[in-house]
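Residue numbers (our numbering): 282 to 346.
Here it is in structure tokens:
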């Protein structure tokens, strides 16, 4: 339920922001941005740390006990 509310809003915010940095304001732009971040994570620990922090904040723990 959390994801049904948060994910569309987070995606819209991401599209609004990445369009200011050369990515298209679309689902394809989000995919291209995500792939670019993953490539940069391999060489930059700060980018990796910040991306992990964002994922932790916006994506709930999906573990079931």
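We treat Cβ as the ideally placed atom computed from N, Cα and C, and that holds for glycine.
With respect to the C-alpha of residue 314, the residue from 332, 340 and 287 having the closest C-alpha is 332. Across the structure, residue 311 and residue 297 are spaced so that their CA atoms are roughly 10 Å apart.
Counting only the Cα atoms, residue 290 lies some 14 Å from residue 338. Per DSSP, residue 316 is one residue of the alpha helix (DSSP H) stretching across 308-322.
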